[in-house]
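Enquirer: Before I ask anything, here is the structure I am working with.
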Amino acid sequence: MTVTGHLKELRNRLAIWIVGLVIAFMIALYFSQDIIDLLIGMGTAYDYNFVYIAPQELLMQQFSISLVVGVCVTLPLLLYQIWAYVNPALTKRNSRMFIGVIIAGLICFVIGLLFAYKVMLPFMLRFLIEISADTSIQAAISIEKYLNFVITIFIIMGVIFELPVVSVLLTQLGLVKVEWMKKGIKPAIVVIFIVAAVVTPPDIVSQCMVALPMMVLYIISIYLSSFLLRFKKNTPEEENDTDEESTGD
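Heads up: the sequence shown begins at 3 in this note's numbering, then just goes up one per residue.
Right under this line is the structure:
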């Protein structure tokens with residue numbers, strides 16, 4: 003295929019994803035208030051009072067939420083289009099690895115979202131409202147600030163739970179060695195607590211709530227990378243392994 007042909011194929015595949023994104027956005031926009039009510043319910047359960055301080059604030063949040071949901075829903079479609087675009091240049095083994103990375107990445111991202119929804123956000127919202135309970139200051143939380151906070155936590159936890167997938171991918175490509183990861187456990191713990199301190203409220207409890215899962219994921223990454231490397235060594239190399247196999251009569 004010529005360079006022009008590659009560019010046309012890339013354009014067509016991106017166009018397919020954009021069409022899917024627009025459709026998902028419109029559907030999410032229809033249910034945007036229900037989604038906002040679900041997220042607000044997490045706060046009202048801990049006696050948060052929400053307000054909007056600009057006439058267009060609630061409307062803009064409906065658009066923002068719809069866009070985020072649309073991107074998340076169509077992410078598998080985007081990853082598939084990327085795989086279909088590069089697949090002709092991949093061997094069967096690399097193609098299987100690419101598909102495995104995509105599936106594992108999506109699963110880990112969803113697990114991170116569930117962890118944020120079920121554990122992280124309820125704990126942080128309860129803690130933040132309780133530390134101001136003994137003050138005379140009445141909390142009136144802007145709906146924009148609240149939703150931005152919730153979405154940020156969702157994204158952070160989703161990305162954090164990608165650590166095993168990224169580690170396995172880097173070790174499989176030979177860019178990172180498992181021995182380096184084992185020797186770097188102590189520096190990694192320091193980095194993890196620094197990252198946790200940056201992405202959480204300024205208290206040690208919230209910091210530990212993020213740091214502990216990251217440490218567990220780091221250990222899982224080491225064992226998983228080691229296992230897959232041993233499995234790869236025990237698997238015979240496939241010569242002339244291509245996606246298209248010629249057949250003869």
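Even for Gly, the Cβ is constructed at its ideal location relative to N, Cα and C.
What you are looking at is a predicted structure, and each value in this text was computed from that prediction instead of being measured.
1) What first and last residue would you give for the alpha helix (DSSP H) that runs through Ile157?
2) Please return the same chain residues whose Cβ sits closer than 8 Å to the Cβ of Ile162, not counting the five positions on each side in sequence.
3) Let me check understanding here. Comparing Cα to Cα, which of Val53, Gln83, Val200 and Gln58 lies closest to Val21?
4) Ordered along the chain, which non-local residues of its own chain (more than five positions away) have a Cβ less than 6 Å from that of Ser248?
5) Using alpha carbons as the reference points, say which of Phe129, Tyr87, Thr76 and Ile109 lies closest to Tyr50.
6) Whole angstroms are fine: how far does the CA of Ile18 sit from the CA of Ala86?
7) Report yes or no: do the stretch 131–148 and the stretch 49–65 share at least 3 C-beta pairs separated by less than 8 Å?
8) Sort Val71, Met62, Thr46 and Gln63 by Cα distance to Ala30 and report the nearest one.
9) Residue range of the alpha helix (DSSP H) that Ser169 falls in?
10) Using the C-alpha atoms, what's the distance from Met99 back to Asn252?
11) Output yes or no for whether 8 Å exceeds the beta carbon distance between Leu171 and Gly45.
12) Determine the DSSP secondary structure at Val192, reduced to helix, strand or coil.
13) Exposed or buried, which one is Met122 when buried takes at least 16 other CB atoms within 10 Å?
14) Quick one: what does DSSP say Val257 is sitting in, helix, strand or coil?
15) How far does the alpha helix (DSSP H) with Asp39 in it reach, from first residue to last?
16) Out of Leu231, Ala190, Ile191 and Gln64, which one is the CA nearest neighbour of Tyr32?
17) Name the residue from Ala118, Leu81 and Ile67 whose alpha carbon lies nearest to the alpha carbon of Asp107.
18) Measuring CA to CA, which of Ile153, Val178 and Val5 is closest to Leu231?
Expert: The short version:
1) Working through the sequence shown from its first residue, we reach residue 157 at position 155. Element bounds for Ile157: Ile145 to Ile162.
2) Position 160 of the sequence shown holds residue 162. Same-chain partners within the cutoff: Gly114, Val212, Pro215, Met216 and Leu219.
3) Here residue 21 is taken as the residue at index 19 of the sequence shown, counted from 1. Per the Cα distances, Gln83.
4) By 1-based counting over the sequence shown, the position of residue 248 is 246. Reliability fails at Ser248, whose pLDDT of 43 lies under 50, so the model's placement of it is uncertain and the value that follows must be treated cautiously. Excluding residues within five positions, none has a Cβ falling inside 6 Å.
5) Here residue 50 corresponds to residue number 48 of the sequence shown, with the count starting at 1. Closest option to Tyr50, Cα to Cα, is Phe129.
6) By 1-based counting over the sequence shown, the position of residue 86 is 84. By 1-based counting over the sequence shown, the position of residue 18 is 16. So the alpha carbons of these two residues sit roughly 12 Å apart.
7) yes
8) For this step, residue 30 is matched to residue 28 along the sequence shown. Of the candidates Val71, Met62, Thr46 and Gln63, the one whose C-alpha sits nearest the C-alpha of Ala30 is Val71.
9) By 1-based counting over the sequence shown, the position of residue 169 is 167. Element bounds for Ser169: Leu165 to Gln174.
10) An answer regarding residue 252 cannot be provided, because it is not within the stretch 3 to 251 covered by the chain.
11) Position 169 of the sequence shown holds residue 171. Position 43 of the sequence shown holds residue 45. Cβ distance not < 8 Å, so Leu171 and Gly45 don't count as in contact.
12) Numbered from its first residue, the sequence shown carries residue 192 at position 190. Helix.
13) By 1-based counting over the sequence shown, the position of residue 122 is 120. Buried.
14) Missing from the structure shown is residue 257; the chain here goes from 3 to 251 and no further.
15) Start at 1 with the first residue of the sequence shown, and residue 39 comes out as number 37. Run containing Asp39: Ser34 to Thr46, per the alpha helix (DSSP H) assignment.
16) Start at 1 with the first residue of the sequence shown, and residue 32 comes out as number 30. When each option's Cα is compared against that of Tyr32, the closest is Gln64.
17) Looking up residue 107 in the sequence shown gives position 105. The sequence shown places Gly at residue 107, rather than the Asp named in the question. Here the closest residue by C-alpha is Leu81.
18) By one-based count along the sequence shown, residue 231 stands at place 229. Residue Val178 is the option with its Cα nearest to Leu231.
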